[in-house]
Amino acid sequence: MNVSALALDFGDTLAVPGPNPDGRIVLTVLRRLPDTDVPDTFVAAYDHVHRITREADRVRDTHTSFAEEIRRAAALCGARIPDPDAVTELVFDEVPDSRVIRRAADALLRLRAREDLVCVLACDTQRPESVRRRTLVEAGIDVCFDAIVLSCAIGVRKPHPDFYAEVERACGVPRAEIMFVGNTPAKDATAPHVYGMQAVLIAPAGRPSGLPAAIGVIDHFADLPDYLTHMRSR
16 MNVSALALDF
26 GDTLAVPGPN
36 PDGRIVLTVL
46 RRLPDTDVPD
56 TFVAAYDHVH
66 RITREADRVR
76 DTHTSFAEEI
86 RRAAALCGAR
96 IPDPDAVTEL
106 VFDEVPDSRV
116 IRRAADALLR
126 LRAREDLVCV
136 LACDTQRPES
146 VRRRTLVEAG
156 IDVCFDAIVL
166 SCAIGVRKPH
176 PDFYAEVERA
186 CGVPRAEIMF
196 VGNTPAKDAT
206 APHVYGMQAV
216 LIAPAGRPSG
226 LPAAIGVIDH
236 FADLPDYLTH
246 MRSR
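With this note's numbering, the residue at position 144 of the sequence shown is 159, and numbering never jumps.
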């Protein structure tokens with residue numbers, strides 16, 4: 016089958032995931048901002064809101080914004096936060112983003128040098144696009160991506176069909192010509208396959224049982240260039 020575009024997961028595919036902020040980090044950032052009044056009880060309120068919000072999001076395959084979590088925590092503890100939307104990037108500046116894996120970065124650069132492929136980053140994350148783009152720049156792979164699709168920006172997460180529809184729009188080619196690559200069987204392989212995309216699962220332990228035969232399996236993202244070459248030679 017023809018491959019005109021790649022849709023690439025990030026954490027545990029191209030990068031080692033970084034930590035997420037907790038209530039104490041959020042509180043520290045909020046107290047630096049003018050016109051805020053945030054009690055110590057915000058820490059427990061935010062951690063509670065974050066936990067129950069993420070549980071609900073996982074059930075519905077939605078993604079509640081970080082700013083909305085802050086609004087809910089503020090209402091719970093009586094904090095005054097004039098502009099929760101302005102807080103997101105400031106908070107994520109305080110915690111490290113995912114660390115790009117050098118072998119994966121080198122493989123991606125080789126792919127882009129030799130292949131005429133659209134390349135879209137497609138991942139679930141709380142981090143805003145500005146922070147994720149900075150990480151890509153620091154790793155030297157920002158030039159590899161034609162577009163970025165983040166769950167925090169579109170309000171749904173994998174495996175919601177609307178996520179893959181947004182990836183398809185970003186790629187600008189028919190879904191059958193898009194190859195989705197990632198490490199989570201349900202989200203990065205089976206769901207894209209059901210949606211009508213091609214898929215390759217990164218699975219160092221080997222092919223999981225029940226994975227559709229049409230889905231390819233590789234040990235590491237660094238194996239993707241050779242996988243594509245082999246697939247096209249058949």
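Backbone N, C-alpha and C define an ideal beta-carbon position, used for all residues, glycine too.
Endpoints, beta strand (DSSP E) assigned at residue i
{"i": "residue 29", "result": "No beta strand (DSSP E) holds residue 29; DSSP gives it neither H nor E."}
{"i": "residue 194", "result": "193-197"}
{"i": "residue 67", "result": "Counting along the chain, residue 67 falls outside any beta strand (DSSP E), though it belongs to the alpha helix (DSSP H) covering 57-75."}
{"i": "residue 88", "result": "Looking at the DSSP string, residue 88 is not in any beta strand (DSSP E); the run it does join, the alpha helix (DSSP H), is 81-92."}
{"i": "residue 151", "result": "No beta strand (DSSP E) contains residue 151, which is instead part of the alpha helix (DSSP H) from 144-154."}
{"i": "residue 20", "result": "20-23"}
Other residues of its chain near residue i: CB distance less than 6 Å, five sequence neighbours each side excluded
{"i": "residue 68", "result": "79 and 84"}
{"i": "residue 123", "result": "156 and 159"}
{"i": "residue 33", "result": "111, 112 and 113"}
Three-state class that DSSP yields for residue i in the structure shown
{"i": "residue 133", "result": "strand"}
{"i": "residue 228", "result": "coil"}
{"i": "residue 241", "result": "helix"}
{"i": "residue 249", "result": "coil"}
{"i": "residue 52", "result": "strand"}
{"i": "residue 110", "result": "coil"}
{"i": "residue 209", "result": "helix"}
{"i": "residue 125", "result": "helix"}
{"i": "residue 118", "result": "helix"}
N-terminal and C-terminal residue of the alpha helix (DSSP H) that residue i is part of
{"i": "residue 41", "result": "38-45"}
{"i": "residue 105", "result": "103-107"}
{"i": "residue 215", "result": "Element bounds for residue 215: not the alpha helix (DSSP H) but the beta strand (DSSP E), 213-217."}
Selection from the options that minimises the alpha carbon distance to residue i
{"i": "residue 74", "options": "125, 172, 131 and 35", "result": "172"}
{"i": "residue 237", "options": "148, 229, 23 and 39", "result": "23"}
{"i": "residue 164", "options": "184, 154, 152 and 149", "result": "184"}
{"i": "residue 180", "options": "209, 38, 201 and 100", "result": "209"}
{"i": "residue 195", "options": "239, 153, 169 and 60", "result": "239"}
{"i": "residue 224", "options": "201, 241, 211 and 70", "result": "201"}
Beta-carbon proximity list for residue i, same chain, < 7 Å, skipping 5 on both sides
{"i": "residue 44", "result": "102, 105, 106 and 109"}
{"i": "residue 31", "result": "113, 114 and 116"}
{"i": "residue 127", "result": "134 and 159"}
Proximal residues to residue i (C-beta, below 8 Å), its chain only, five neighbours per side dropped
{"i": "residue 57", "result": "38, 41, 42, 45, 88, 89, 92 and 94"}
request  = Only counting runs of 3 or more residues, tell me where the beta strand (DSSP E) segments fall wholly within the segment 158-202, in order along the chain.
outcome  = Runs found: 162-165 and 193-197.
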